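Reviewing the structure listed below.
Residue numbers (the working numbering), protein chains in the order written: chain C, 151 to 531; chain L, 151 to 531.
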């Protein structure tokens with residue numbers, strides 16, 4: 151066994167359940183905030199009633215707010231800068247994200263960036279996050295786990311870099327996950343989210359061997375995600391399945407699934423290179439393309455764990471059969487499983503491979519060279 | 151599905167791994183404590199080197215301390231009172247438990263009791279915990295999960311009451327779990343601990359139906375505990391198995407295994423009645439006797455979940471066969487599986503049943519009357 155020591159620490163208070171969004175104002179008041187920046191996406195929260203519930207709760211608790219709209223998938227630095235300016239100009243004392251991972255990540259960058267000389271420098275490791283405004287979340291799509299961790303990913307449109315950042319200071323104080331708010335999501339967002347959550351578990355899982363407790367738990371979470379998503383494919387309003395998918399997606403990246411394990415993250419690095427160059431590619435869709443190819447390329451590096459994954463999650467002794475079953479599942483969920491399906495040409499492979507390795511060789515199961523990444527992308531083509 | 155809303159919140163920073171006990175002094179210093187009360191049991195920590203490591207770390211970080219020794223299994227109120235007096239007389243600003251569940255629970259009662267008029271009143275719900283000294287833990291036996299929650303159980307020797315208490319204020323600030331510190335435990339303590347952890351999961355698990363995510367996770371944790379304990383039966387120094395058992399025992403009662411679920415706790419209430427009347431009965435051993443009988447009595451009240459437990463944990467379609475397999479496992483671990491084996495006579499059943507129901511009917515799967523508890527104890531006899 152890889153005797154990785156670890157620290158489990160997750161200060162976020164997570165309120166889970168139907169009808170809980172109305173508690174947000176009271177929670178923000180408890181933390182002593184009086185005027186907050188509300189960060190949101192394209193407007194779906196105005197259609198599904200979430201915005202009204204939030205606004206009513208804020209008003210009832212005497213919280214003032216201003217609004218930053220227009221966060222897009224693969225959220226961008228220019229929107230973060232806009233948020234920082236608004237927060238500074240309006241004496242904001244807290245940030246509330248109402249949306250999914252992109253909205254939360256933008257809110258994290260604003261909450262920490264307001265105290266930095268140059269927020270992008272913190273993504274490059276050149277400036278350290280020492281302080282952040284208190285952050286609150288009302289989650290409207292389960293996928294990234296950002297509602298319950300200190301991670302955030304932002305794309306710099308000018309440099310075409312999509313980089314991750316982390317600070318223990320940007321864990322949300324309070325996150326509310328109401329699965330009923332996700333009943334009207336477009337199907338592709340549900341499927342992308344499920345794939346992202348699965349990928350988060352796999353990034354940790356495959357680096358383990360002998361860490362039975364977390365390996366068993368991670369298999370449980372993978373089975374729960376597949377089970378719930380298949381049920382939602384039949385009935386997108388199935389509140390039981392929504393609850394199970396939502397809670398599994400939170401556990402997929404709140405520290406539980408990664409405990410005892412090192413983490414690989416090469417597939418995420420490759421996907422980030424793809425969506426940095428092709429911003430229309432949804433993160434979950436990109437992962438559906440990259441992950442099967444990555445497994446096909448690296449599985450002999452940690453054979454016992456890839457074999458138990460095949461057995462315990464996909465009911466086969468053959469890793470490559472398991473990969474095919476995973477691809478069949480993604481296809482059933484209407485996710486792409488090839489670069490071609492993302493409308494990316496074979497000629498683009500060298501530039502994606504170069505981008506994925508520009509800050510070093512990604513991966514733990516296998517440290518990937520630029521050539522390795524190119525081979526994975528060819529398998530994915 | 152039972153659409154139970156829940157809040158997941160666990161502020162404890164848990165440092166897990168071999169060699170981490172030496173970090174305790176630095177962590178206590180970080181929290182600003184200067185003079186602490188060190189709470190400990192019967193002296194095993196002096197034999198296995200844990201005490202020396204802790205003392206060195208405290209000295210190196212300039213932390214002064216006084217020591218409260220002699221916490222016993224089924225920890226008692228008189229020891230809590232002694233600790234409160236020592237803490238008050240010595241201007242203590244933090245409490246450090248070095249030991250297992252009994253030691254931690256005593257430390258929690260001292261940390262909160264120092265601010266109460268009458269600490270026992272808080273167990274009776276007559277006084278509220280509004281404040282507590284910061285609490286730190288170095289865990290030496292994985293069992294109760296007390297290193298990562300706000301629960302504590304104390305026995306009042308005078309009234310022969312064994313009562314639980316809870317406050318969000320007594321979650322440890324920092325807990326250190328070094329599985330290598332458990333390599334020299336007597337076998338019965340390892341087995342009792344494993345049984346206690348299994349029981350914590352089952353108390354939540356059996357109240358679920360359709361909550362697939364947590365049900366899958368709980369099955370994973372049960373399998374991990376059984377797997378690790380069987381490996382330790384062969385080699386008690388197996389550090390991989392120690393790690394897996396330790397981490398599963400923490401997850402068994404840190405909020406993860408109970409999420410989405412209501413919790414039953416009748417078996418714990420019955421066991422508490424037994425060990426209140428027979429203080430020599432170890433908590434884990436009492437649970438090994440009560441739990442199989444409780445399942446036998448109540449399983450038809452939530453048949454789908456008892457059946458999936460039989461299938462997914464014990465590989466049988468028959469719940470009663472699963473119960474027998476669980477008893478066989480406990481017997482293999484040298485745990486008692488009958489009241490008789492605890493040297494409790496059949497005549498004692500009415501008084502235990504009366505005690506278990508004196509503050510109300512225990513249970514969620516089935517609310518148990520005094521007669522129901524007597525029937526369970528007869529099955530257990």
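From the three backbone atoms N, C-alpha and C, an ideal C-beta is built for every residue, glycine too.
Predicted model, so just to flag it, every value in this text is computed and none were measured.
Here residue 401/C is actually not in contact with residue 157/L; their C-beta atoms are around 15 angstroms apart, not less than 8 angstroms.
As a beta-bridge residue in DSSP terms, residue 185/C pairs with 214/C. In this structure, residue 396/C sits away from residue 369/L, with a CB-CB distance that is not shorter than 8 angstroms. Burial check for residue 504/L: the Cβ neighbour count within 10 Å stays below 16, so the residue is exposed.
Cβ neighbours of residue 524/L within its own chain (closer than 6 angstroms, five residues either side excluded): 499, 503. Of the other Cβ atoms in all chains shown, 16 or more fall within 10 Å of the Cβ of residue 195/L; this residue is therefore buried.
Excluding residues up to 5 positions away in sequence, 439, 530, 531 lie with their Cβ nearer than 8 angstroms to the Cβ of residue 488/L in the same chain.
Between the alpha carbons of residue 334/C and residue 386/C lies a gap of roughly 8 angstroms. Counting C-beta pairs closer than 8 angstroms gives three or more between the region 226-241 of chain L and the region 249-264 of chain L, which meets the contact rule. For residue 415/L against residue 353/L, the beta-carbon gap comes to about 5 angstroms, under 8 angstroms, which counts as contact. One thing to note: residue 410/C has its Cβ within 8 angstroms of the Cβ of residue 358/C. Annotation for residue 264/C: 234, 237, 238, 283 place their beta carbon closer than 7 angstroms to its own, counting only its chain and skipping 5 residues before and after.
Selection 408/C, 227/C, 327/C, 251/C evaluated against residue 432/C yields 251/C as nearest (Cα-Cα). Here residue 248/C is near residue 290/C, since their CB atoms are less than 8 angstroms apart.
In the DSSP annotation of this structure, residue 404/C is not part of any alpha helix (DSSP H), being labelled neither H nor E.
Membership of residue 458/L in the alpha helix (DSSP H) is indicated by the continuous run 453-464.
DSSP places residue 381/L in no beta strand (DSSP E) but in the uninterrupted alpha helix (DSSP H) bounded by 362-384. Of all residues in the region 506-518 of chain C, none comes within less than 7 angstroms of chain L when Cβ atoms are compared.
The continuous alpha helix (DSSP H) containing residue 251/C extends over residues 251-263. Rounded to whole angstroms, residue 373/C and residue 361/L show a C-alpha spacing of 13 angstroms. For residue 167/L, the nearest beta carbon of chain C is closer than 8 angstroms to its own beta carbon. For residue 332/L, there is no enclosing beta strand (DSSP E), as DSSP marks it with neither H nor E. The C-beta separation of residue 224/L from residue 178/L comes to about 28 angstroms, leaving the pair out of contact by the 8 angstroms criterion. Ranked by how close their Cα comes to the Cα of residue 317/L, the residues 355/L, 349/L, 272/L have 272/L in first place. Excluding the 5 residues flanking it on each side, residue 518/C has same chain C-beta neighbours closer than 6 angstroms at 416, 511, 512, in chain order. In the DSSP annotation of this structure, residue 478/C is not part of any beta strand (DSSP E); the continuous alpha helix (DSSP H) holding it starts and ends at 469-482. Residue 330/L holds the alpha-carbon nearest to the alpha-carbon of residue 203/L among 470/L, 313/L, 330/L, 319/L. In the three-state DSSP reduction, residue 293/C falls in the coil class, being neither helix nor strand. Contact with chain L is found for residue 163/C, since one of that chain's Cβ atoms lies less than 8 angstroms from the residue's Cβ. The DSSP-derived three-state label of residue 492/L is helix. Beyond the five residues adjoining it in sequence on each side, residue 404/L comes within less than 7 angstroms, by CB distance, of 160, 295, 298, 299 in the same chain, given in chain order.
At the C-beta level, residue 406/L and residue 288/L stay beyond 8 angstroms of one another.
A residue is called buried once 16 or more other Cβ atoms fall within 10 Å of its Cβ, and residue 444/L is buried on that count. Our two residues, residue 348/L and residue 399/L, have alpha carbons roughly 8 angstroms apart in a direct line.
Residue pairing by DSSP puts residue 311/C in a beta bridge opposite 306/C. Inter-residue distance for residue 356/L and residue 453/L is about 9 angstroms (C-alpha atoms, whole angstroms).
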